[in-house]
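**Q**
There are 2 protein chains.
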Amino acid sequence: MSEKLPTLPELRQQIDAIDVQIHELINQRARCAQTVAEVKKAEDPTITSFYRPEREAQVLQMVMQRNQGPLAGETVAKLFREIMSACLALESPLKIAFLGPNGTFTHAAALKHFGHAAITRPMATIDEVFREVEAGSAHYGVVPVENSSEGVVNHTLDCFINSGLKIIGEVELRIHHNLLVAEGTQLKNISRVYSHQQSLAQCRKWLDAHFPKIERIAVSSNAEAARLVKGEWHSAAIAGETAAELYGLKKLHENIEDNPSNTTRFLIIGTESTPPSGDDKTSIIVAAHNEAGALYRILEPFYRNGLSLTRIETRPSQSDIWSYVFFIDFEGHQQQPQVKLVLDELHDRVRELKNLGSYPKAVI
Amino acid sequence: MSEKLPTLPELRQQIDAIDVQIHELINQRARCAQTVAEVKKAEDPTITSFYRPEREAQVLQMVMQRNQGPLAGETVAKLFREIMSACLALESPLKIAFLGPNGTFTHAAALKHFGHAAITRPMATIDEVFREVEAGSAHYGVVPVENSSEGVVNHTLDCFINSGLKIIGEVELRIHHNLLVAEGTQLKNISRVYSHQQSLAQCRKWLDAHFPKIERIAVSSNAEAARLVKGEWHSAAIAGETAAELYGLKKLHENIEDNPSNTTRFLIIGTESTPPSGDDKTSIIVAAHNEAGALYRILEPFYRNGLSLTRIETRPSQSDIWSYVFFIDFEGHQQQPQVKLVLDELHDRVRELKNLGSYPKAVI
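Here is the structure:
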């Protein structure tokens, strides 16, 4: 053993001393949070939730900025999320409705965003998540919106058309795909690959390069793909870690997604608008006029005012008014002058404009 | 607003200052943990896991003892669990096999015990959890053992008979039962109640007192009971919060379990023995001689040496040697003299004795 290293008992004493300080500071923080709640109650006696999405985002932004390691900034930010969650629950635990069942990516997103001191409740459908929040039975809701292998994206967007709820935050989860086979399956024998069609699309280039000739079969979910392969010795599945473990499949290749920063995105919905956090996004729905160049006329003010679009989706109409609908996410907060300007300009260029809210970009 | 209260900006500054200190201390702790790993590697270059169950239990015991609030001791202990989990993952993330699927109580137990920085993998059966740990594919396993509504208790005990694995820890989760009905169901119309038989047993006195005449029907799980009631207007189900939310049932009565400290218990299994934490339990399996007074002769040395039994289970034999088997949990660690004494005495009084290990009692 090197002479420079301290002994284990010495190190444990050091750690114990650090723990005493961390412990005292966490309780100090909780006392401050209690006073914050008192102040807010004095200002508004009817207040029921002390959660401020923009403030939480700022705290996490600061954590990421000042982190020196050895722990990763993301790891420390997750710990702070849990500390804030615990302090907040001291006043009134947040009730969160999410698209269930338990154990799904949406559940993971809810816990990632609100921490484990929140009360999370699985709902059977996306509509129910919206209804719970609208009825006040839950403070906030969590729904999948982008790049999901569960095929529910469009349904979430449709819900926004008919709802008065706001987007108050977003959560990103990194998703990895693997090529899975049953134990004993030979590479050369693989003649087909199963997966959800979205996952097949996400790994298209990799499949083109490595398995150009095998049949690609879209099934209802990646878990279903894994289940099928379990009993077939000439097939492979594309699915995540969990499915591989659940069905005892072998990972022939890991992280085969074409875009390595492949994430699934979730939205947090609530009833109130969120003040700026300093690094925000805004989401809107617009119904275009039924004329040539409609989309160009919508996008032009963003370009002219230097606002970056982060996403645009087109949806068929559900009613006459919404005959032709775009969902647009862009950088910036509705309280910023150039955002106000663009929103004002858009009003004159479209049939309908619905502002879904400004909210902090996902920090971790 | 009261004049004594600080303003929100003042409070946020205070919290930010506290956060800077917490952040620095957490990284200091992580550096100490890295040095601990270095010291251990210097002593044993083949070491792969730096997790010490007795040390973690001691840290949490200290947290509970010194806690002054306002946060509950259990809440702070959970935060420390996550901090330890993050520090440990810096060296080598723990791989944990548990009885899946994701989202079950066993999954919750695994996360409660190892924190969210551990890699948890669902297994389809209890045997597979044992096999993963025996094969070294997982560092530890988590299996349900007591009072579970999933009916798998006996199977876990049977696995221990044929395995060389040790118990290295236990986890307790508090379980609450509710009487659930579909929206619109009238109290006076209820003629039957569904639940898993273990849950029916856990609420027997309450049912006797409040619904002595209704039919009690045991089904495969509490979730299944909730699903059935969803479509029946004269029935009720006994189930937990999650099932109520998932199927949109109304809680007619909450917390109806006869024993309000109703918990489900899980065991952590591993390959190594655990040194004393200061507050430990020991579990053994004994095969009694086939004679009158056999159980009395087994229990007498515990009584005489002042060792409290915390649980005893009888199982039918699987082989000739194990013709008649008791699973016994008692307080104390096998390194304590009076425990050694009792174990030695037992050897002479039984046909076979298998020591499953000493481990820290659940702290939170």
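Residue numbers (UniProt numbering), protein chains in the order written: chain R, 1 to 364; chain F, 1 to 364. The C-beta atom is built at its ideal place from N, Cα and C for all residues, glycine as well.
Which residues, in chain order, does the segment 17 to 34 of chain F contribute to contact with chain R at a C-beta distance below 8 angstroms?
**A** So the list reads 18, 19, 20, 21, 22, 23, 25, 26, 27, 28, 29, 30, 31, 32, 33 and 34, given in the order they occur along the chain.
**Q** If you follow the alpha helix (DSSP H) that residue 215 of chain R is part of, which residue opens it and which one closes it?
**A** Position 215 of the first sequence holds residue 215 of chain R. Element bounds for residue 215 of chain R: not the alpha helix (DSSP H) but the beta strand (DSSP E), 215 to 218.
**Q** Roughly how many whole angstroms lie between the Cα atoms of residue 230 of chain R and residue 105 of chain F?
**A** Counted from its first residue, the first sequence places residue 230 of chain R at position 230. Counted from its first residue, the second sequence places residue 105 of chain F at position 105. Computed Cα separation, rounded: 26 angstroms.
**Q** Since residue 284 of chain R meets chain F, which of its residues come closer than 9 angstroms, beta carbon to beta carbon?
**A** Locating residue 284 of chain R in the first sequence gives position 284, where the first residue counts as 1. Residues of chain F passing the Cβ test: none, with the nearest at roughly 30 angstroms.
**Q** Suppose you measure from the CA of residue 170 of chain F to the CA of residue 195 of chain F; what does that come to, to the nearest Å?
**A** For the purposes of this step, residue 170 of chain F is identified with residue 170 of the second sequence, where counting begins at 1. For the purposes of this step, residue 195 of chain F is identified with residue 195 of the second sequence, where counting begins at 1. Near 26 angstroms, if we compare the C-alpha coordinates of residue 195 of chain F and residue 170 of chain F.
**Q** Pull the bridge partners of residue 95 of chain R from the DSSP assignment, please.
**A** Here residue 95 of chain R refers to the residue found at position 95 of the first sequence. DSSP output for residue 95 of chain R lists R/119 as bridge partner(s).
**Q** Under the three-state reduction of DSSP, which class applies to residue 189 of chain F: helix, strand or coil?
**A** Residue mapping note: residue 189 of chain F aligns to position 189 of the second sequence, counting from 1. Three-state DSSP puts residue 189 of chain F in a helix.
**Q** Residues of the segment 47 to 67 of chain F with a CB closer than 8 angstroms to any CB of chain R: list them in chain order, please.
**A** For the segment 47 to 67 of chain F, which is checked against every Cβ of chain R, the residues closer than 8 angstroms are 55, 59, 62, 63, 66 and 67.
**Q** Is residue 77 of chain F closer than 7 angstroms to residue 62 of chain F when the C-beta atoms are compared?
**A** In the second sequence, residue 62 of chain F corresponds to position 62, counting from 1. In the second sequence, residue 77 of chain F corresponds to position 77, counting from 1. No, they are not a contact pair.
**Q** Please give the ranges of any alpha helix (DSSP H) in the UniProt domain "ACT" (283 to 360) of chain F, keeping only runs that are unbroken, at least 4 residues long and fully inside the region.
**A** Listed in chain order, the complete alpha helix (DSSP H) runs (minimum 4 residues) inside the UniProt domain "ACT" (283 to 360) of chain F are 294 to 304 and 337 to 349.
**Q** Could you have a look at residue 16 of chain F and say whether DSSP puts it in helix, strand or coil?
**A** Within the second sequence, numbered from 1, the residue matching residue 16 of chain F stands at position 16. Of the three classes helix, strand and coil, the one that applies to residue 16 of chain F here is helix, per DSSP.
**Q** Secondary structure at residue 112 of chain F, three-state DSSP: helix, strand or coil?
**A** Translated into the one-based positions of the second sequence, residue 112 of chain F becomes position 112. In the structure shown, residue 112 of chain F sits in a helix (DSSP, three-state: H, G or I).
**Q** For residue 48 of chain F, which three-state DSSP category applies?
**A** As a first step, residue 48 of chain F is located in the second sequence; it is residue number 48 there, counting from the start. Note: residue 48 of chain F maps to coil in three-state DSSP.
**Q** Beta-carbon separation of residue 226 of chain F and residue 249 of chain F under 7 angstroms?
**A** In the second sequence, residue 226 of chain F corresponds to position 226, counting from 1. In the second sequence, residue 249 of chain F corresponds to position 249, counting from 1. It is a contact, given that the beta carbons lie within the stated cut-off.
**Q** Got a sec? Which residues, its chain only, sit under 8 angstroms from residue 60 of chain R by beta carbon, not counting five neighbours each side?
**A** Residue numbering aside, residue 60 of chain R sits at position 60 when the first sequence is read from its first letter. Closer than 8 angstroms at Cβ, skipping near neighbours: 77, 80, 81, 363 and 364.
**Q** Under 7 angstroms between C-beta atoms, does residue 86 of chain R make it to chain F?
**A** Taking the first sequence and counting its residues from 1, the one referred to as residue 86 of chain R is at position 86. Yes, contact with chain F.
**Q** Can you tell me whether residue 152 of chain F is helix, strand or coil according to DSSP?
**A** The residue given as residue 152 of chain F occupies position 152 in the second sequence. Reliability of the predicted coordinates at residue 152 of chain F is poor, the pLDDT of 42 falling under 50, and the value obtained from them is presented with this limitation in mind. If DSSP states are grouped into helix, strand and coil, residue 152 of chain F belongs with coil.
**Q** Can you round the beta-carbon distance between residue 327 of chain R and residue 285 of chain R to whole angstroms, since I take them to be within the 8 angstroms contact cut?
**A** For the purposes of this step, residue 327 of chain R is taken as the residue at position 327 of the first sequence. For the purposes of this step, residue 285 of chain R is taken as the residue at position 285 of the first sequence. Contact holds; Cβ gap of about 6 angstroms.
**Q** Taking only beta-carbon positions, decide if residue 142 of chain F is within less than 7 angstroms of chain R.
**A** Within the second sequence, residue 142 of chain F is the residue found at index 142, counting from 1. No - not a single Cβ of chain R is within 7 angstroms of the one on residue 142 of chain F.
**Q** How many Å lie between residue 371 of chain F and residue 353 of chain F at the Cα?
**A** Outside the modelled stretch of chain F, which goes from 1 to 364, sits residue 371 of chain F, for which no answer is possible.
**Q** Would the beta-carbon of residue 333 of chain F fall within 7 angstroms of that of residue 308 of chain F?
**A** Translated into positions along the second sequence, residue 333 of chain F becomes position 333. Translated into positions along the second sequence, residue 308 of chain F becomes position 308. Their beta carbons are not under 7 angstroms apart, which means residue 333 of chain F does not touch residue 308 of chain F by this criterion.
**Q** Just mark residue 350 of chain F as buried or exposed, buried being the case when its beta carbon has 16 or more other beta carbons within 10 Å.
**A** Translated into positions along the second sequence, residue 350 of chain F becomes position 350. So residue 350 of chain F ends up on the buried side.
**Q** With burial defined as no fewer than 16 other Cβ atoms inside 10 Å of the residue's Cβ, what is the status of residue 56 of chain F: buried or exposed?
**A** On the second sequence, position 56 is the one that residue 56 of chain F refers to. Buried, because 16 or more other Cβ atoms sit within 10 Å of the Cβ of residue 56 of chain F.
**Q** So for residue 4 of chain R, helix, strand or coil by DSSP?
**A** Within the first sequence, the letter at position 4 stands for residue 4 of chain R. Reduced to three states, the DSSP call for residue 4 of chain R is coil.
**Q** Should the segment 170 to 188 of chain R be called in touch with the segment 263 to 275 of chain R, which here means at least 3 C-beta pairs below 8 angstroms?
**A** In short, these stretches touch, since the Cβ pair count reaches three.
**Q** For residue 336 of chain R and residue 355 of chain R, I'd like the C-alpha separation in whole angstroms.
**A** Stepping through the first sequence from its first residue, residue 336 of chain R is reached at position 336. Stepping through the first sequence from its first residue, residue 355 of chain R is reached at position 355. Their Cα atoms are separated by approximately 14 angstroms.
**Q** Verify whether the separation of the beta carbon atoms of residue 214 of chain F and residue 191 of chain F is less than 7 angstroms.
**A** By 1-based counting over the second sequence, the position of residue 214 of chain F is 214. By 1-based counting over the second sequence, the position of residue 191 of chain F is 191. Cβ distance < 7 angstroms, so residue 214 of chain F and residue 191 of chain F count as in contact.
**Q** Ordered along the chain, which non-local residues of its own chain (more than five positions away) have a Cβ less than 6 angstroms from that of residue 168 of chain F?
**A** Position 168 of the second sequence holds residue 168 of chain F. Once the five neighbours on either side are set aside, the close Cβ partners of residue 168 of chain F are 53, 268, 270, 274 and 359.
**Q** Once the 5 residues before and after residue 184 of chain R are set aside, which same chain residues still bring their CB inside 8 angstroms of it?
**A** Your numbering for residue 184 of chain R matches position 184 in the first sequence. 233.
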